[in-house]
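Undergrad: Quick note: to get this note's numbering, add 119 to the position in the sequence shown (first position is 1).
Ideal placement from N, C-alpha and C gives every residue a C-beta, glycine not left out.
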Amino acid sequence: MADVSAQSFIPETFQGTTVDLASQFGFLWELIKTPLIVPLLKLAVVICLTMELMLFAERLYMGIVIILVKIFLKKPEKRYNWEPMSDDLEAGSSAFPLVLIQIPMFNEREVYKISIGAACNLSWPADRLVIQVLDDSTDPIIKEMVEKECKRWAAKGLNITYQIRETRGGYKAGALKEGLKRDYVKECEYVAIFDADFRPEPDFLRRSIPFLMHNSKIALVQARWRFVNSDECLMTRMQEMSLDYHFTVEQEVGSATHAFFGFNGTGGIWRIAAINEAGGWKDRTTVEDMDLAVRASLKGWKFVYLGDLHVKSELPSTFKAFRYQQHRWSCGPANLFRKMVMEIVRNKAFNFWKKVYVIYSFFFVRKIIAHMVTFFFFCVVLPLTIMVPEIDVPKWGAIYIPCIITTLNSVGTPRSIHLLFYWILFENVMSFHRTKATFIGLFEAKRANEWVVTEKLGDGHKNKNNKSAKKFNFNIGDRIHVTELGFAVFLFFCGCYDYLYGKNNYFVYMFLQTITFSIVGFGYIGTIVPS
Numbered sequence: 120m121a122d123v124s125a126q127s128f129i130p131e132t133f134q135g136t137t138v139d140l141a142s143q144f145g146f147l148w149e150l151i152k153t154p155l156i157v158p159l160l161k162l163a164v165v166i167c168l169t170m171e172l173m174l175f176a177e178r179l180y181m182g183i184v185i186i187l188v189k190i191f192l193k194k195p196e197k198r199y200n201w202e203p204m205s206d207d208l209e210a211g212s213s214a215f216p217l218v219l220i221q222i223p224m225f226n227e228r229e230v231y232k233i234s235i236g237a238a239c240n241l242s243w244p245a246d247r248l249v250i251q252v253l254d255d256s257t258d259p260i261i262k263e264m265v266e267k268e269c270k271r272w273a274a275k276g277l278n279i280t281y282q283i284r285e286t287r288g289g290y291k292a293g294a295l296k297e298g299l300k301r302d303y304v305k306e307c308e309y310v311a312i313f314d315a316d317f318r319p320e321p322d323f324l325r326r327s328i329p330f331l332m333h334n335s336k337i338a339l340v341q342a343r344w345r346f347v348n349s350d351e352c353l354m355t356r357m358q359e360m361s362l363d364y365h366f367t368v369e370q371e372v373g374s375a376t377h378a379f380f381g382f383n384g385t386g387g388i389w390r391i392a393a394i395n396e397a398g399g400w401k402d403r404t405t406v407e408d409m410d411l412a413v414r415a416s417l418k419g420w421k422f423v424y425l426g427d428l429h430v431k432s433e434l435p436s437t438f439k440a441f442r443y444q445q446h447r448w449s450c451g452p453a454n455l456f457r458k459m460v461m462e463i464v465r466n467k468a469f470n471f472w473k474k475v476y477v478i479y480s481f482f483f484v485r486k487i488i489a490h491m492v493t494f495f496f497f498c499v500v501l502p503l504t505i506m507v508p509e510i511d512v513p514k515w516g517a518i519y520i521p522c523i524i525t526t527l528n529s530v531g532t533p534r535s536i537h538l539l540f541y542w543i544l545f546e547n548v549m550s551f552h553r554t555k556a557t558f559i560g561l562f563e564a565k566r567a568n569e570w571v572v573t574e575k576l577g578d579g580h581k582n583k584n585n586k587s588a589k590k591f592n593f594n595i596g597d598r599i600h601v602t603e604l605g606f607a608v609f610l611f612f613c614g615c616y617d618y619l620y621g622k623n624n625y626f627v628y629m630f631l632q633t634i635t636f637s638i639v640g641f642g643y644i645g646t647i648v649p650s
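1. Starting from PHE626, trace the beta strand (DSSP E) in both directions and tell me its first and last residue.
2. Cα separation between ASP246 and GLU320?
3. Just to confirm my understanding: we take GLY614, look at its own chain, exclude 5 residues before and 5 after, and list those with CB closer than 7 Å. What are they?
4. Rounded to whole angstroms, what's the CA-CA distance from ARG178 to GLY276? Just pull it up for me.
5. Using the Cα positions of LEU256 and GLY381, report the straight-line distance between them to the nearest angstrom.
6. Please name the residue in GLU229, PRO502 and VAL512 whose C-alpha comes closest to that of TYR616.
7. Cα separation between ARG390 and LEU160?
8. Would you identify the three-state DSSP class for SER587, choosing helix, strand or coil?
9. Taking Cβ to Cβ, would you say ASP408 is nearer than 8 Å to ASN383?
10. On a Cα-Cα basis, can you pick out the residue from ILE644, ARG284, GLU285 and ILE250 that is closest to LYS270?
11. DSSP three-state call for THR286: helix, strand or coil?
12. Starting from the C-beta of TYR199, find all residues in its chain whose C-beta is less than 8 Å away, skip the five residues before and the five after it, and write them out in chain order.
13. Below 8 Å CB to CB, which residues in the same chain sit around ASP139 once its five sequence neighbours on both sides are set aside?
14. If you draw a straight line from the alpha carbon of HIS546 to that of GLY293, how long is it in whole angstroms?
15. Please work out which residues of its chain come closer than 7 Å, Cβ to Cβ, to THR376, disregarding the five sequence neighbours upstream and downstream, and give them in chain order.
16. Compute the beta-carbon to beta-carbon distance between GLU678 and TYR281, rounded to the nearest angstrom, for a pair I have assumed lies under 8 Å.
17. Identify which residue in SER529, VAL304 and ALA273 has its Cα closest to the Cα of ASN395.
18. For ASN592, does the three-state DSSP call read helix, strand or coil?
19. Decide if ASN454 is buried, meaning its Cβ has at least 16 other Cβ atoms within 10 Å, or exposed.
20. Would you be able to state if there are at least three C-beta pairs under 8 Å between the segment 533-553 and the segment 480-498?
21. Output yes or no for whether 8 Å exceeds the beta carbon distance between LYS467 and ARG403.
22. Would a C-beta distance cut-off of 8 Å place GLU652 and ASP350 closer than the cut-off?
23. Quick one, are the C-beta atoms of GLN341 and LEU295 less than 8 Å apart?
24. Could you give the DSSP three-state label for LEU241: helix, strand or coil?
25. If you draw a straight line from the alpha carbon of GLY399 to that of LEU168, how long is it in whole angstroms?
26. What do you reckon, are the CB atoms on ARG345 and VAL430 nearer than 8 Å?
27. Measuring straight from C-alpha to C-alpha, what distance separates LEU353 and SER361?
28. Return the first residue and the last residue of the alpha helix (DSSP H) that TYR443 is part of.
29. Using CA coordinates, which residue listed in ALA489, LYS555, TRP272 and GLU229 is at the minimum distance from GLY236?
30. Please go through the same chain and pick out, in chain order, the residues whose beta-carbon is closer than 7 Å to the beta-carbon of LEU174, but skip the five residues on each side of it.
31. Got a sec? Which residues, its chain only, sit under 6 Å from ARG343 by beta carbon, not counting five neighbours each side?
32. Strictly by DSSP, which residues pair up with VAL340?
33. Distance check for THR532 and ILE328, CA to CA, integer angstroms please.
34. Which residues in the same chain have their Cβ closer than 6 Å to the Cβ of ARG228, if we skip the five residues on either side of it in sequence?
35. Threshold first: 4 residues or longer. Then list the alpha helix (DSSP H) segments lying entirely within the segment 220-281, N to C.
36. How do the segment 191-207 and the segment 282-291 stand: do at least 3 beta-carbon pairs fall below 8 Å, yes or no?
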């Protein structure tokens with residue numbers, strides 16, 4: 120038995136030199152390629168090109184409409200009944216409606232003073248303003264700090280209430296819903312919502328409230344977000360480019376053409392009667408804001424977007440916080456689409472074209488197709504076609520249309536147009552997380568209702584960096600991302616194969632995308648927070 124060699128346990132077909140082994144793999148590849156791989160890959164290419172054309176048509180439509188809106192359409196103040204709010208010495212503050220301000224919080228150590236201070240400094244009669252700080256914090260020290268800040272403003276004569284709950288049931292939606300149940304809220308007509316890092320300008324209410332006062336069918340006035348830390352790092356610049364397109368084009372077009380768009384969850388003001396008629400806040404998805412907007416629109420309410428009314432806010436500057444935020448923003452809409460698509464179809468308040476806009480453009484193309492085609496086509500299917508020369512991807516699908524779509528996306532942030540190419544590469548990396556979250560939402564999988572509050576750093580970490588040497592927490596689970604590194608290896612292999620045997624020079628893109636996946640995979644993106 121001792122004389123038996125190790126080779127005797129290896130089948131004869133696998134014995135021999137490395138060349139023999141490679142030739143056998145090559146034979147196996149050729150054996151399955153024609154009957155199996157080629158047809159499947161052809162089908163994948165057709166599906167991806169179809170999705171790409173859908174996205175291209177939607178982007179082109181949005182581009183044409185926004186040009187027409189900017190040239191021909193009057194500003195909201197001219198399209199709707201609107202009169203400036205003015206102080207009447209005779210009537211006093213009674214001419215101003217009673218407004219509720221809600222500020223939901225969860226362990227917001229770095230930014231809680233910002234939103235509370237901004238809300239308390241709004242230019243509105245103090246006796247016509249009710250401020251609720253809805254604190255779901257689990258840290259008793261932070262809860263005490265927030266409560267002291269509320270008492271400090273209350274001592275100055277502001278009607279500000281610090282409100283806590285026994286549990287975090289329903290997360291943000293639960294806190295907002297609980298706040299509206301208070302007896303002192305019953306006399307309020309409107310409610311403005313600001314997350315803990317949002318800081319409205321003093322004239323926010325004076326510019327937005329008249330739309331609600333003088334137009335009985337308007338339920339929501341949404342302001343545009345501006346970002347105080349967009350220049351903090353390259354990742355925040357990338358986010359600014361994506362969000363500026365959303366506000367400059369998507370929100371503007373939705374408001375101008377259908378009086379419908381998704382409420383952004385903060386930086387907006389609602390008519391409380393519309394919230395109640397729509398069924399109130401619901402926590403069935405992670406996008407309670409979009410859920411409420413769709414239900415209110417189904418009841419016939421209209422929305423107004425004010426692109427020149429800005430509310431400053433903070434972008435997540437750590438990759439971990441950004442990744443969790445994108446999971447919530449991608450999973451939630453897909454989950455809501457699953458739950459509401461038939462309700463929208465059967466609704467009689469929507470006309471046919473508004474149903475098409477909401478179901479096809481708003482949900483299907485923007486919230487589902489956009490993520491999937493970016494990931495599957497540019498990170499999976501196109502690289503695989505390099506190793507299967509029988510598959511010919513047309514240049515218009517691989518190069519021309521993607522370039523046009525990218526150019527259309529850049530209109531929101533002209534100052535960052537020089538970063539456009541890197542933005543494409545970064546968006547391709549993030550499309551993996553968004554696509555995964557989209558499938559989780561569509562199939563209501565385990566993480567469908569996962570809610571992780573986006574971490575806000577405020578200016579505190581900058582001050583600490585200036586005062587003391589940096590000491591970094593290196594948590595390998597936070598810094599090393601195995602999936603991204605796996606895609607980097609896959610794309611590098613495809614790029615090398617294309618360089619040696621390809622004919623389309625896709626290796627240039629493959630190597631650049633490999634570098635981007637590697638940067639993210641090794642955690643060299645965003646802000647690294649000192650311990």
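TA: On the basis of the coordinates in this document:
1. To locate residue 626, count along the sequence shown from 1; it is residue 507. From DSSP, PHE626 is part of no beta strand (DSSP E) but of the alpha helix (DSSP H) over 626-640.
2. Numbered from 1 along the sequence shown, position 127 holds the residue referred to as residue 246. Numbered from 1 along the sequence shown, position 201 holds the residue referred to as residue 320. Approximately 19 Å between the Cα atoms of the pair.
3. Within the sequence shown, the letter at position 495 stands for residue 614. Cβ neighbours of GLY614 beyond the five flanking positions: PHE626, MET629, PHE630 and THR633.
4. Counting from 1 along the sequence shown, the entry for residue 178 is found at position 59. Counting from 1 along the sequence shown, the entry for residue 276 is found at position 157. Between ARG178 and GLY276, the C-alpha separation is close to 50 Å.
5. In the sequence shown, residue 256 corresponds to position 137, counting from 1. In the sequence shown, residue 381 corresponds to position 262, counting from 1. Correcting the residue identity first, residue 256 is Ser in this sequence and not Leu. Roughly 27 Å between the two C-alpha positions.
6. As a first step, residue 616 is located in the sequence shown; it is residue number 497 there, counting from the start. Taking only the C-alpha atoms, the option nearest TYR616 is PRO502.
7. For the purposes of this step, residue 390 is taken as residue 271 along the sequence shown, with counting starting at 1. For the purposes of this step, residue 160 is taken as residue 41 along the sequence shown, with counting starting at 1. The alpha-carbon of ARG390 is positioned some 51 Å away from that of LEU160.
8. The count along the sequence shown starts at 1 and reaches residue 587 at position 468. Bear in mind that the predicted position of SER587 carries a pLDDT of just 39, short of 50, making it too unreliable to give a figure here.
9. Taking the first residue of the sequence shown as position 1, residue 408 is located at position 289. Taking the first residue of the sequence shown as position 1, residue 383 is located at position 264. Yes, they are a contact pair.
10. Numbered from 1 along the sequence shown, position 151 holds the residue referred to as residue 270. Among ILE644, ARG284, GLU285 and ILE250, the Cα nearest to that of LYS270 is on ILE250.
11. The residue labelled residue 286 in the question sits at position 167 within the sequence shown. Coil, per DSSP.
12. The count along the sequence shown starts at 1 and reaches residue 199 at position 80. Correct list, in chain order: PHE330, HIS333, ASN334, ILE337 and VAL423.
13. Within the sequence shown, numbered from 1, the residue matching residue 139 stands at position 20. Here the set comprises nothing.
14. Within the sequence shown, residue 546 is the residue found at index 427, counting from 1. Within the sequence shown, residue 293 is the residue found at index 174, counting from 1. This sequence places Glu at residue 546; His is not what is there. Going from the Cα of GLU546 to the Cα of GLY293 covers about 32 Å.
15. Stepping through the sequence shown from its first residue, residue 376 is reached at position 257. Answer for THR376: VAL184, listed in chain order.
16. For residue 678 there is no data in the structure shown, the boundaries of the chain being 120 and 650.
17. Taking the first residue of the sequence shown as 1, we reach residue 395 at position 276. Of the listed residues, the one whose Cα sits closest to ASN395 is VAL304.
18. Taking the first residue of the sequence shown as position 1, residue 592 is located at position 473. Low local confidence applies: a pLDDT of 48 at ASN592 is under 50, so the model's placement there is unreliable, and no value is given.
19. Counting from 1 along the sequence shown, the entry for residue 454 is found at position 335. So ASN454 ends up on the buried side.
20. yes
21. Position 348 of the sequence shown, counted from the first residue, corresponds to residue 467. Position 284 of the sequence shown, counted from the first residue, corresponds to residue 403. No; because the gap between Cβ atoms is not below 8 Å, this pair is not in contact.
22. With the chain represented from 120 up to 650, any question about residue 652 goes unanswered, as that position is not in the structure.
23. As a first step, residue 341 must be located in the sequence shown, where it is residue number 222. As a first step, residue 295 must be located in the sequence shown, where it is residue number 176. For GLN341 and LEU295, no; Cβs fall outside 8 Å.
24. The sequence position of residue 241 within the sequence shown is 122, counting from 1. In the structure shown, LEU241 sits in coil (DSSP, three-state: anything other than H, G, I, E or B).
25. Start at 1 with the first residue of the sequence shown, and residue 399 comes out as number 280. Start at 1 with the first residue of the sequence shown, and residue 168 comes out as number 49. Their backbone Cα atoms lie some 41 Å apart in a straight line.
26. By 1-based counting over the sequence shown, the position of residue 345 is 226. By 1-based counting over the sequence shown, the position of residue 430 is 311. The answer is yes: Cβ separation under 8 Å.
27. Counting from one through the sequence shown, the residue named residue 353 turns up at place 234. Counting from one through the sequence shown, the residue named residue 361 turns up at place 242. Cα to Cα, the separation comes out at about 13 Å.
28. As a working mapping, residue 443 is identified with position 324 in the sequence shown. Unbroken alpha helix (DSSP H) run through TYR443: 438-465.
29. The residue labelled residue 236 in the question sits at position 117 within the sequence shown. Measuring from the Cα of GLY236, the nearest candidate turns out to be TRP272.
30. Looking up residue 174 in the sequence shown gives position 55. Cβ neighbours of LEU174 beyond the five flanking positions: VAL484, ILE488, ALA489, VAL492 and ILE524.
31. Here the question's residue 343 lines up with position 224 in the sequence shown. Contacts found: PHE366, GLY426 and HIS429.
32. Reading the sequence shown from its first residue, position 221 is the one you call residue 340. Looking at the DSSP assignment, VAL340 forms a beta bridge with ILE388 and VAL423.
33. Here residue 328 is taken as the residue at index 209 of the sequence shown, counted from 1. Here residue 532 is taken as the residue at index 413 of the sequence shown, counted from 1. Rounded to the nearest angstrom, the two C-alpha atoms are 29 Å apart.
34. Here residue 228 corresponds to residue number 109 of the sequence shown, with the count starting at 1. Here the set comprises ILE261.
35. 231-239 and 259-273
36. no
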